[in-house]
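Student: Just so we're aligned: 155 in our numbering is position 150 of the sequence shown, and the numbers increase by one with no gaps anywhere.
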Amino acid sequence: MTIRNPALFALMSIFVLMVGLQATALADTIDVQDAYVRAVPPGQPNSAAFMRITNHGDEDRALLAGASDQAKVVELHTHRMEDGMMRMRQVGQIDLPAGETVVLEPGGLHVMLIGLTETLAPGNRVTLTLDFDDGDKQRLSLPVKRIEPNPMPMHQ
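1. Does the contact criterion of 3 or more C-beta pairs under 8 Å hold for the stretch 100-110 versus the stretch 123-133?
2. Would you kindly check if the distance between the Cβ of ARG144 and the Cβ of ALA44 is under 8 Å?
3. Quick one: Cα of LEU118 to Cα of GLN38, how far?
4. How long is the line joining the alpha carbons of VAL78 and ALA72, rounded to whole angstroms?
5. Start and end of the beta strand (DSSP E) containing GLU153?
6. For SER175, collect the residues of the same chain with a Cβ closer than 7 Å to its Cβ; drop the 5 residues on either side in sequence, then sort them by chain order.
7. If we count the other Cβ atoms within 10 Å of its Cβ and call it buried at 16 or more, is MET93 buried or exposed?
8. Take THR34 as the anchor and find which of PHE55, GLN49 and ASN60 has the nearest alpha-carbon.
9. Among the residues of its own chain, which have a CB less than 7 Å from the CB of VAL21, if the five just before and after it don't count?
10. In angstroms, rounded to a whole number, what distance separates the CA positions of VAL116 and ASP88?
11. Among all the DSSP beta bridges, which residues are the ones paired with VAL96?
12. Compare the Cα-Cα distances from ARG57 to each of LEU114, MET86 and MET91 and report the closest residue.
13. Out of PRO111, ASP100 and GLU153, which one is the CA nearest neighbour of GLU64?
14. Rounded to whole angstroms, what's the CA-CA distance from GLN98 to GLU80? Just pull it up for me.
As structure tokens, this is what we get:
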């Protein structure tokens, strides 16, 4: 290949490099850490995924949905106090404020796996795809872990 205009070639090379770096920077603004799925006994139809999601970007973002081959339905949920009882409720999205980490944990925000297609035993893995508000998708392979229930506080 003969380069007839070295200045134009250099300018185009810089442009391609900048676009590539910008795309990489945008893709790296959301970071998922410490993700896992709760182990459930055989026959249990539902489970949940928990994780920490950090938005390293300068703009607020949101987790909108999820999907998994190991569940018929994936929903975003939280727990709310209603009529003196904690109740699980579906939410339309999980907000990810700029520069902050949002924790999805038992008793709080979580990703619900409904209609499991297989038993989730410790040591197994679950594939989960997270969909974000900018169209980005992250495909994760999460370990299945046993979660010991917190003991009920003793009232005296």
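Backbone N, C-alpha and C define an ideal beta-carbon position, used for all residues, glycine too. Since we're looking at a predicted model, the values are computed, not measured.
Tutor: Quick look at the numbers:
1. no
2. Position 39 of the sequence shown holds residue 44. Position 139 of the sequence shown holds residue 144. Going by C-beta atoms, ALA44 is not nearer than 8 Å to ARG144.
3. Counted from its first residue, the sequence shown places residue 118 at position 113. Counted from its first residue, the sequence shown places residue 38 at position 33. Near 19 Å, if we compare the C-alpha coordinates of GLN38 and LEU118.
4. Working through the sequence shown from its first residue, we reach residue 78 at position 73. Working through the sequence shown from its first residue, we reach residue 72 at position 67. Taking the straight line from one Cα to the other gives about 7 Å.
5. Stepping through the sequence shown from its first residue, residue 153 is reached at position 148. Run containing GLU153: none; DSSP gives neither H nor E here.
6. Absent from the structure is residue 175, since the part of the chain shown begins at 6 and ends at 161.
7. Taking the first residue of the sequence shown as 1, we reach residue 93 at position 88. Under this definition MET93 is an exposed residue.
8. Walking along the sequence shown from the start, residue 34 turns up at place 29. Of PHE55, GLN49 and ASN60, the residue nearest in Cα terms is ASN60.
9. By 1-based counting over the sequence shown, the position of residue 21 is 16. Note on VAL21: pLDDT 47, under 50, position unreliable in the model; no value is reported.
10. Taking the sequence shown and counting its residues from 1, the one referred to as residue 116 is at position 111. Taking the sequence shown and counting its residues from 1, the one referred to as residue 88 is at position 83. About 24 Å.
11. If you number the sequence shown from 1, residue 96 lands on position 91. Answer by DSSP bridge pairing: none, since VAL96 is not bridged.
12. To locate residue 57, count along the sequence shown from 1; it is residue 52. Residue LEU114 is the option with its Cα nearest to ARG57.
13. By 1-based counting over the sequence shown, the position of residue 64 is 59. Measuring from the Cα of GLU64, the nearest candidate turns out to be ASP100.
14. Counting from 1 along the sequence shown, the entry for residue 98 is found at position 93. Counting from 1 along the sequence shown, the entry for residue 80 is found at position 75. So the two alpha carbons sit approximately 9 Å from each other.
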